[in-house]
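For the record, in the sequence shown the residue sitting at position 305 is 515 according to the working numbering, with numbers rising by one throughout. Backbone N, C-alpha and C define an ideal beta-carbon position, used for all residues, glycine too. Inspection log for the structure reproduced underneath, given as structure tokens.
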Amino acid sequence: MFYRETIQKFNSYPTPFYYYDLEVLKQTLQLVKSESEKYNFIIHYALKANTNDEILNIIKSFSIGADCVSGNEVKKAIECQFNAKDIVFAGVGKTDNEINYALEQNIFCFNCESLQELEVINELAFSKNKIADIALRINPNVNANTHKYITTGLEENKFGINMWELEAVVEKLKSLTSLKLIGLHFHIGSQITDLNSYKSLCLKINEIQNWFIQRNIKIENVNVGGGLGVDYHNPDGYRFADFKTYFKIFHDFLKILPGQKVHFELGRSLVAQCGTLISRVVYIKKGMNTNFIILDAGMTELLRPALYQAYHKIENLSRQQQESETDRKQEKVQVSPIFKYDVVGPICESADCFGKAVILPETFRGDIIALRTTGAYGEVMSSRYNLREQVKAFYSSNGYEK
Ligand code: LLP
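Below, the structure written as structure tokens:
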């Protein structure tokens with residue numbers, strides 16, 4: 211629920227735009243810090259979820275590191291004054307330029323995903339007379355039970371080094387003298403709500419660690435990736451991901467060796483709930499079997515529903531405001547009848563649909579519509595297809611109404 215004053219403010223801004231509530235962000239970060247510090251776990255923020263300066267500055271101020279997947283993300287993290295020694299750099303296709311840049315910045319660690327990548331980093335580090343700290347990203351073949359496009363930890367996925375390649379990789383490492391193996395890295399997928407997947411991951415990591423122990427290879431860091439899911443259906447009821455249970459699972463099931471550090475790379479669970487895409491109804495249109503609400507935001511501003519059939523809660527803030535005003539006057543009457551709508555965008559693609567048969571109060575041209583839980587993978591995945599304007603962002607620290 212948004213405060214009345216916030217909705218009134220929305221009325222005066224040009225739509226569509228992303229609204230970020232920095233208070234919600236700070237509360238989330240406080241929680242993640244306090245729950246992870248119980249076990250001395252180290253958190254890196256996965257920049258790919260949202261790279262807004264305001265958001266990055268707040269995250270950095272909580273002494274959280276950065277997880278980057280491109281040279282530009284490493285650059286952005288450095289510009290926003292994340293400590294280079296807290297930056298990890300992953301990705302299956304790091305280019306020479308990106309590797310060279312990260313080497314010059316002396317980042318904490320390259321999470322390496324293939325034998326050939328190891329050879330290239332070794333060569334580039336050698337020519338700079340440096341030793342590159344690396345972690346092996348191992349594909350643990352653990353099912354994250356999430357959408358197939360955001361599953362990364364199965365053998366069929368392009369990510370990481372498969373278990374059956376490990377022997378060859380470790381053998382090769384002996385000759386790659388400009389690399390120093392400092393850790394293992396895993397990431398099984400995103401929007402994971404079945405936390406049992408993490409238990410399976412821990413057990414798999416324990417097995418893999420044994421494999422290294424048997425070969426007398428010391429592993430100082432274990433990076434378990436990110437992926438913790440958020441509640442898209444009930445953003446007000448469950449504003450924060452279940453960090454408590456999540457970290458406890460790693461504490462209970464991961465065998466942490468003496469002196470070993472455990473790292474996490476969280477993206478969505480830190481920023482999703484603080485963001486809302488605010489849009490305006492351009493037209494109401496009668497279809498064959500349904501009524502359409504046509505918004506001024508589309509898949510160009512929020513791609514997730516078109517790409518992953520993702521659910522985002524849709525609210526009509528103009529009617530919500532009217533109804534709560536009536537409530538306040540104790541008139542307890544239903545202001546607007548309830549309708550079912552297909553809520554769509556203006557883009558010339560049939561996939562440009564935010565929700566089918568969405569139950570909403572009767573909706574009119576000009577109403578303000580909120581697409582909730584869009585702080586992660588919303589604005590960063592926006593495009594200018596159809597020559598749309600680049601979507602803008604507004605910030606406040608109002609918090610949401612309880
Ligand atoms: N670490 C690695 C190696 C990753 O690939 C990812 C996400 C993360 C950490 C952070 O995962 P998170 O905590 O945010 O789940 N665009 C998709 C999500 C793609 C996630 C890609 N990797 C979506 O909108 O659902």
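Residue range of the unbroken beta strand (DSSP E) whose run includes residue i
{"i": "residue 551", "result": "548-554"}
{"i": "residue 505", "result": "501-505"}
{"i": "residue 352", "result": "Looking at the DSSP string, residue 352 is not in any beta strand (DSSP E), and its letter there is neither H nor E."}
{"i": "residue 277", "result": "275-278"}
{"i": "residue 486", "result": "485-496"}
{"i": "residue 520", "result": "Looking at the DSSP string, residue 520 is not in any beta strand (DSSP E), and its letter there is neither H nor E."}
{"i": "residue 570", "result": "563-571"}
{"i": "residue 253", "result": "252-256"}
Close beta carbons around residue i, own chain, < 6 angstroms, minus the five adjacent residues each side
{"i": "residue 216", "result": "608"}
{"i": "residue 286", "result": "261"}
{"i": "residue 529", "result": "546 and 571"}
{"i": "residue 154", "result": "Here the chain has residues from 211 to 612 only, and residue 154 is not among them."}
{"i": "residue 283", "result": "257"}
Residue i: CB within 7 angstroms of a non-hydrogen atom of the ligand MN
{"i": "residue 400", "result": "As far as ligands go, the structure on display features the ligand LLP and does not contain the ligand MN."}
Distance, residue j Cα to residue i Cα
{"i": "residue 395", "j": "residue 376", "result": "13 angstroms"}
{"i": "residue 311", "j": "residue 259", "result": "22 angstroms"}
{"i": "residue 391", "j": "residue 343", "result": "6 angstroms"}
{"i": "residue 489", "j": "residue 570", "result": "15 angstroms"}
{"i": "residue 437", "j": "residue 602", "result": "27 angstroms"}
{"i": "residue 507", "j": "residue 325", "result": "43 angstroms"}
{"i": "residue 441", "j": "residue 333", "result": "45 angstroms"}
{"i": "residue 584", "j": "residue 316", "result": "33 angstroms"}
{"i": "residue 321", "j": "residue 241", "result": "27 angstroms"}
{"i": "residue 606", "j": "residue 272", "result": "19 angstroms"}
{"i": "residue 388", "j": "residue 313", "result": "12 angstroms"}
{"i": "residue 599", "j": "residue 558", "result": "15 angstroms"}
{"i": "residue 456", "j": "residue 374", "result": "29 angstroms"}
{"i": "residue 221", "j": "residue 553", "result": "20 angstroms"}
{"i": "residue 323", "j": "residue 230", "result": "34 angstroms"}
{"i": "residue 454", "j": "residue 501", "result": "43 angstroms"}
{"i": "residue 382", "j": "residue 468", "result": "27 angstroms"}
{"i": "residue 384", "j": "residue 233", "result": "49 angstroms"}
{"i": "residue 335", "j": "residue 341", "result": "6 angstroms"}
{"i": "residue 589", "j": "residue 426", "result": "46 angstroms"}
{"i": "residue 477", "j": "residue 460", "result": "18 angstroms"}
{"i": "residue 412", "j": "residue 498", "result": "51 angstroms"}
{"i": "residue 350", "j": "residue 369", "result": "10 angstroms"}
{"i": "residue 449", "j": "residue 298", "result": "28 angstroms"}
{"i": "residue 218", "j": "residue 296", "result": "41 angstroms"}
{"i": "residue 417", "j": "residue 548", "result": "55 angstroms"}
{"i": "residue 550", "j": "residue 485", "result": "25 angstroms"}
{"i": "residue 556", "j": "residue 211", "result": "26 angstroms"}
{"i": "residue 592", "j": "residue 269", "result": "22 angstroms"}
{"i": "residue 514", "j": "residue 348", "result": "27 angstroms"}
{"i": "residue 339", "j": "residue 303", "result": "23 angstroms"}
{"i": "residue 577", "j": "residue 263", "result": "30 angstroms"}
Nearest-angstrom beta carbon gap, residue j and residue i [assumed within contact, 8 angstroms]
{"i": "residue 422", "j": "residue 429", "result": "6 angstroms"}
{"i": "residue 251", "j": "residue 275", "result": "That belief does not hold up - the Cβ atoms of residue 251 and residue 275 are roughly 12 angstroms apart, past 8 angstroms."}
{"i": "residue 463", "j": "residue 434", "result": "Their Cβ separation, rounded to whole angstroms, is 11 angstroms, which puts residue 463 and residue 434 out of contact at 8 angstroms."}
{"i": "residue 357", "j": "residue 518", "result": "5 angstroms"}
{"i": "residue 509", "j": "residue 567", "result": "That belief does not hold up - the Cβ atoms of residue 509 and residue 567 are roughly 19 angstroms apart, past 8 angstroms."}
{"i": "residue 224", "j": "residue 487", "result": "Contact flag wrong, Cβ pair sits at about 14 angstroms."}
{"i": "residue 664", "j": "residue 399", "result": "One cannot answer for residue 664 here, as it falls past the ends of the chain, which runs 211 to 612."}
{"i": "residue 319", "j": "residue 345", "result": "5 angstroms"}
{"i": "residue 580", "j": "residue 527", "result": "5 angstroms"}
{"i": "residue 238", "j": "residue 419", "result": "Incorrect: roughly 31 angstroms between the Cβ atoms, too far for contact."}
{"i": "residue 352", "j": "residue 410", "result": "5 angstroms"}
{"i": "residue 281", "j": "residue 245", "result": "About 32 angstroms; that fails the 8 angstroms criterion."}
Cβ neighbours of residue i in the same chain (closer than 7 angstroms, five flanking residues each side left out)
{"i": "residue 493", "result": "504 and 575"}
{"i": "residue 481", "result": "235, 259, 260, 265, 585 and 586"}
{"i": "residue 523", "result": "442, 443, 445, 582 and 583"}
{"i": "residue 279", "result": "258, 300 and 301"}
{"i": "residue 267", "result": "290"}
{"i": "residue 471", "result": "252, 430 and 431"}
{"i": "residue 466", "result": "472"}
Delimiting residues of the alpha helix (DSSP H) encompassing residue i
{"i": "residue 281", "result": "281-289"}
{"i": "residue 235", "result": "232-247"}
{"i": "residue 264", "result": "263-271"}
{"i": "residue 480", "result": "478-481"}
{"i": "residue 216", "result": "214-221"}
Spatial neighbours of residue i in its chain, beta-carbon cut-off 8 angstroms, leaving aside the 5 residues before and after
{"i": "residue 379", "result": "325, 328, 346 and 371"}
{"i": "residue 516", "result": "509, 559, 561, 562 and 563"}
{"i": "residue 201", "result": "There is no way to answer for residue 201, as the model of the chain reaches only from 211 to 612."}
{"i": "residue 594", "result": "510 and 600"}
{"i": "residue 248", "result": "457 and 461"}
Exercise for the section: Mind listing, in chain order, the continuous beta strand (DSSP E) runs of no fewer than 3 residues lying wholly within the stretch 373-452? Expected result: List check, beta strand (DSSP E) in window: 389-395 and 431-433.
Practice task
Give, in chain order, every unbroken run of the beta strand (DSSP E) that is at least 3 residues long and sits entirely within the stretch 294-330.
Solution key: Counting whole runs of 3 or more residues, the stretch 294-330 contains the beta strand (DSSP E) stretches 297-299 and 319-322.
Practice task
Could I get the ranges of all uninterrupted beta strand (DSSP E) runs contained in the stretch 582-606, with 3 residues as the minimum, in chain order?
Solution key: As far as the stretch 582-606 is concerned, its whole beta strand (DSSP E) runs of at least 3 residues are 602-606.
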